[in-house]
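Notes for the one structure printed next.
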Amino acid sequence: MSTPSASPEPVAAPASQANSPEPSGGGSQRQLSTFLKISIILLAALTVASISLLFIGDFQGKFERVFATFFVFAVFVGLTALDTRRELKSEWYAPVALIANSYILALLLIVTWMTPYDPFGLGWALLWKGIVVVGVTRLVLLCCQGLLSMSEGKPESIGRFAFITSMLAVLSGILFTAPIAIETFNVHIPELYWKIAVATLILTALGLAITLLLRWFYGAPERDAQRAQRAASFPAEPYRAAPRAVAHDGQAPRAPQAPAVPAAAPTGAPAAHTQEAPAAPDATRPLLPWPTFADGRPIPPRADGQPDFSVPGAPRPPQ
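291 is the number that full-length UniProt numbering gives to position 291 of the sequence shown; each next residue is one higher, with no gaps.
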């Protein structure tokens, strides 16, 4: 008597599959980027530093200071979220943006907790100082991004001037925003400091102008290629100018006469064509180059193949 053979393996396999956890959301879990991890660590470290400033600085005006602290945190989170999306576009942007956001957070926390108390002007002072610090720092970051993006794929001279100008822009931003936090410690800023800051700003403007000029010079072949591509879409071959009515003996040109009615064909003769064949172009007239606008673009043609001199900006037709 034969007994049925049953193997436990097929039953164990589904059991093991049932015990294995399935990935939620139908995909792998997204990993935090390095930029976001460092931003969170810096946020925690600067928060601890702000707590220490709470015991060092003046606690009067606590409502304004606490509200300003939450506002600074919100600005940092918003800028970090914005920079996280733009991180993938360039390799250098992430560390530069991280330094800029950390600088904004540290400077504004010092301003928030170390500014002397004023019952009427504390909130206004924290507001305008925060706007200046955030605005100047982000403007410097955008300037660096534009300069370095402008030098991508261009000769080395453009990249060199773009990098130097970016460093000068960063130095100018620090020189003009650092005194906002330094003055909270009752430190006097000498006049020589501001002279150096203004000189650095002028050098930044000089570097920006040189970079733009080099970018315009080395970008001329690309502009010529685009202009040639636009010109290729229009007929650029020579054409024969259409005959113009010319007055004889100082008189006005005569009006064209009506075409004569052809006589009836005789009986039995084949029917003659009542219309004349179109006149062939006069080969005796010289070929003229296709007219163009002042910027070199060819003017569009009409339906008959002649240039359309009636479009705005077109030159006058040849006499």
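Here a beta-carbon is modelled for each residue, glycine too, at the ideal position from N, C-alpha and C.
With contact counted as at least three CB pairs below 8 angstroms, one residue from each stretch, are the segment 155 to 162 and the segment 178 to 189 in contact?
Flag = no, the segment 155 to 162 and the segment 178 to 189 do not touch.
So, helix, strand or coil for residue 137, using DSSP?
Helix, per DSSP.
Between 80, 43, 123, 45, which has its C-alpha nearest residue 60's C-alpha?
Looking at the Cα atoms, 123 is the closest of the given residues.
Please report the Cβ distance between residue 154 and residue 215, rounded to the nearest whole angstrom; I am assuming they are in contact, meaning their Cβ atoms lie under 8 angstroms.
So it is a contact: roughly 7 angstroms between Cβ atoms.
Are there 16 or more other CB atoms within 10 angstroms of the CB of residue 128, so buried, or fewer, so exposed?
Per the 10 Å Cβ criterion, exposed.
Check the C-beta distance from residue 84 over to residue 101 and give it rounded, since I have them as a contact under 8 angstroms.
Wrong, their Cβ atoms sit about 11 angstroms apart, outside the cutoff.
Between the beta-carbon of residue 136 and the beta-carbon of residue 108, is there less than 7 angstroms?
The answer is no: Cβ separation not under 7 angstroms.
Could you work out which residue in 185, 317, 212 is closest to residue 53 when comparing CA atoms only?
For residue 53, the nearest C-alpha among the options comes from 185.
In this structure, how does DSSP classify residue 307 when only helix, strand and coil are distinguished?
Three-state result, residue 307: strand.
Could you compute how far the alpha carbon of residue 300 sits from the alpha carbon of residue 306?
Going from the Cα of residue 300 to the Cα of residue 306 covers about 9 angstroms.
So, under 8 angstroms CB-CB, residue 93 and residue 145 are touching, yes? Tell me the CB distance rounded to an integer number of Å.
Right, the Cβ-Cβ distance comes to about 7 angstroms (below 8 angstroms), so this counts as a contact.
Using the DSSP secondary-structure output, state which residues sit across from residue 213 in a beta bridge.
DSSP lists no partner for residue 213.
Residue 168 by DSSP, collapsed to three states: which one?
Here residue 168 sits in helix by DSSP.
By Cβ distance below 6 angstroms, which residues in the same chain neighbour residue 166 in space, the five residues on each side in sequence not counted?
Same-chain partners within the cutoff: 144, 147.
In this structure, does DSSP put residue 298 in helix, strand or coil?
DSSP places residue 298 in strand when its eight states are reduced to three.
Drop a sphere of 10 angstroms on the beta-carbon of residue 41, count the other beta-carbons inside from all chains shown, and report buried for 16 or more, exposed for fewer.
Exposed, by the Cβ-count rule.
Any idea if residue 64 is buried or exposed, counting beta-carbon neighbours within 10 angstroms, 16 or more meaning buried?
Buried is the call here.
With a threshold of 16 other CB atoms inside 10 Å of the CB of residue 141, please say whether the residue is buried or exposed.
That one is buried.
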